[in-house]
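Asker: Protein chains in written order, with our numbering: chain U, 1 to 214; chain R, 215 to 428.
We treat Cβ as the ideally placed atom computed from N, Cα and C, and that holds for glycine.
Values in this document were obtained by computation on a predicted structure and should not be read as measured data.
I'd like to ask some things about the structure below.
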Ligand SMILES: Nc1ncnc2c1ncn2[C@@H]1O[C@H](COP(=O)(O)OP(=O)(O)OP(=O)(O)O)[C@@H](O)[C@H]1O
Ligand SMILES: Nc1ncnc2c1ncn2[C@@H]1O[C@H](COP(=O)(O)OP(=O)(O)OP(=O)(O)O)[C@@H](O)[C@H]1O
């Protein structure tokens with residue numbers, strides 16, 4: 001397996017190092033000689049030059065690589081031009097590209113990128129959901145004899161507004177979050193009507209959770 | 215559930231937006247008024263000011279937030295100072311911080327960060343392994359009547375160098391990768407000795423894969 005990494009910023013450099021750890025044959029390219037030199041001892045091949053120069057790009061023999069990654073984030077025009085050249089002119093089978101913004105991602109897709117990676121956005125979404133999971137776990141850990149369960153919203157309240165349901169009085173549970181079509185809401189709108197298929201993440205005593213699960 | 219996001223670069227902004235989608239109550243803070251204004255309509259609360267100013271930091275009432283995220287990547291000193299102040303002086307229960315480099319991560323851990331996020335490094339590692347998995351799948355798809363299997367390295371070759379094993383002749387398979395202690399190698403060193411516990415990812419005809427699996 002081999003891979004070519006074009007652009008050796010933090011993302012490109014970390015990618016090259018991880019592939020080398022997996023004993024993949026790596027070509028690393030950048031116009032900045034210091035960055036090329038920093039990786040020259042680690043990777044199989046390193047090259048220095050301007051990737052927007054089509055002659056230089058063609059001289060790299062990229063067609064013999066399984067995977068090529070365009071790891072240039074902040075120069076959006078360069079990133080899109082290189083990706084377009086690799087996919088449409090050189091007809092490479094697989095090109096992944098790093099994106100900095102949603103518009104950048106869209107342009108890379110139009111240019112033909114097979115995979116678009118936006119590290120900040122993906123890490124942000126991942127952390128948001130990690131915090132959500134922690135909120136559920138933290139809530140559970142402070143309620144000693146309470147559990148947490150994921151239950152289908154009861155048929156008896158389909159079509160009823162969340163705010164009109166007396167969760168404590170009627171079901172003896174606390175509604176932590178509502179999940180609908182894979183999207184989780186921690187403070188569902190009180191005017192929101194319960195739909196069949198809604199899932200509730202609720203906290204309560206085990207007997208009450210069990211009753212809801214039936 | 216509520217969360218405070220300190221620093222509204224691409225990571226902080228995407229994090230705030232995703233939490234708002236999950237209907238979490240969000241406080242967004244930055245010294246740059248344009249960035250604060252951009253999010254002011256989306257989040258519950260927004261504030262503008264210098265987060266390295268301890269009086270300003272204390273005025274935000276962060277103790278009433280479940281989670282606080284320091285989303286300042288490029289000013290390492292500011293990021294570490296703010297994290298230290300939040301954990302050691304304000305004694306906040308949970309602080310996540312964004313890091314730009316390994317040294318930055320280490321400093322954030324020393325400062326007491328509960329979670330350190332390095333988007334470029336994590337995305338790079340994830341892409342490296344995605345490419346590895348694709349390499350295995352691609353290899354499989356071009357060999358019509360061949361399969362791929364993960365098998366324990368046979369006891370008969372424990373202690374033998376990889377390069378001294380005639381994979382084709384003896385086992386009638388091609389060694390795609392070797393997995394040892396959760397670390398995968400696509401081109402294992404030919405001088406590397408097979409250890410008990412090694413797993414091989416091999417390609418071959420089903421009957422030969424089955425023979426190896428016994
Ligand atoms: N036209 C080009 N030819 C060759 N190398 C280039 C070209 N443009 C940018 N680079 C290199 O690509 C690397 C990454 O570029 P840049 O810093 O713009 O991306 P980034 O995505 O912001 O970086 P990071 O991965 O650190 O977040 C730099 O080392 C830069 O020298
Ligand atoms: N001392 C400070 N007080 C308040 N806001 C700050 C301070 N230092 C930096 N910021 C803000 O934090 C935000 C993110 O900072 P910066 O651009 O350094 O981080 P980054 O991690 O490189 O960004 P990105 O998330 O876009 O990759 C910026 O909007 C900046 O205005």
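Count the other C-beta atoms from every protein chain shown that fall within 10 angstroms of the C-beta of residue 291(R), then say buried if there are 16 or more, exposed otherwise.
Answerer: Exposed.
Asker: Find the residues of chain R that neighbour residue 67(U), judging by a C-beta separation of less than 7 Å, and give them in chain order.
Answerer: 345
Asker: Could you pull out every unbroken alpha helix (DSSP H) segment of at least 4 residues lying fully inside the stretch 40-81 of chain U, listed in chain order?
Answerer: 54-59
Asker: Let me make sure I understand the geometry here. Which of 204(U), 84(U), 139(U) has the alpha-carbon closest to that of residue 113(U)?
Answerer: 84(U)
Asker: Let me make sure I understand the geometry here. Which of 334(R), 351(R), 295(R), 320(R) has the alpha-carbon closest to that of residue 99(U)?
Answerer: 334(R)
Asker: By the criterion of Cβ-Cβ separation under 8 Å, what are the contact partners of residue 185(U) in chain R?
Answerer: 236, 237
Asker: For a contact defined as C-beta to C-beta under 9 Å, what are the partners of residue 320(R) on chain U?
Answerer: The premise fails here: residue 320(R) is roughly 16 Å from chain U at the closest Cβ pair, so nothing lies under 9 Å.
Asker: Just mark residue 273(R) as buried or exposed, buried being the case when its beta carbon has 16 or more other beta carbons within 10 Å.
Answerer: With fewer than 16 Cβ atoms within 10 Å of its Cβ, residue 273(R) is classed as exposed.
Asker: Below 7 Å, is the gap between the Cβ of residue 10(U) and the nearest heavy atom of ligand 1?
Answerer: yes
Asker: Examine chain U for any beta-carbon lying closer than 8 Å to the beta-carbon of residue 339(R), and answer yes or no.
Answerer: yes
Asker: Please list the segments of the alpha helix (DSSP H) lying wholly inside the stretch 102-168 of chain U, counting only runs of 4 or more residues, in order along the chain.
Answerer: Along the length of the stretch 102-168 of chain U, whole alpha helix (DSSP H) runs at least 4 residues long occupy 102-111, 119-142, reported in chain order.
Asker: Within 7 Å: the Cβ of residue 277(R) and any heavy atom of ligand 2?
Answerer: no
Asker: Within 10 angstroms of the Cβ of residue 102(U), are there 16 or more other Cβ atoms? Answer buried if so, exposed if not.
Answerer: exposed
Asker: Consider the Cβ of residue 314(R): report whether some Cβ of chain U lies at a distance smaller than 8 Å.
Answerer: yes
Asker: Go ahead and label residue 18(U) buried or exposed: buried means 16 or more other beta carbons lie within 10 angstroms of its beta carbon, across all protein chains shown.
Answerer: buried
Asker: Under 7 Å: does the beta carbon of residue 312(R) sit that close to some heavy atom of ligand 2?
Answerer: yes
Asker: Can residue 375(R) and residue 406(R) be called in contact, C-beta distance under 8 Å?
Answerer: yes
Asker: With 8 Å set as the bound, which would you pick, yes or no: does the beta-carbon of residue 389(R) sit closer than that to a beta-carbon of chain U?
Answerer: no
Asker: Determine the closest residue to residue 283(R) out of 247(R), 425(R), 223(R), 338(R), with distance taken between C-alpha atoms.
Answerer: 223(R)
Asker: Show which residues of chain R have a CB atom less than 7 Å away from the CB atom of residue 96(U).
Answerer: 341
Asker: Using a Cβ-Cβ cutoff of less than 6 Å, which residues in the same chain neighbour residue 67(U) once the five nearest sequence positions on both sides are dropped?
Answerer: 3, 94
Asker: Nearest to residue 197(U) by CA position, among 183(U), 137(U), 65(U), 41(U), is which residue?
Answerer: Proximity to residue 197(U) across 183(U), 137(U), 65(U), 41(U) peaks at 183(U), based on C-alpha coordinates.
Asker: Under the rule that 16 or more other beta-carbon atoms within 10 Å means buried, what is residue 28(U), buried or exposed?
Answerer: Result: buried.
Asker: Here's the rule I'm using: 16 or more other beta-carbon atoms within 10 Å means buried, otherwise exposed. How should residue 37(U) be labelled?
Answerer: Classification for residue 37(U): exposed.
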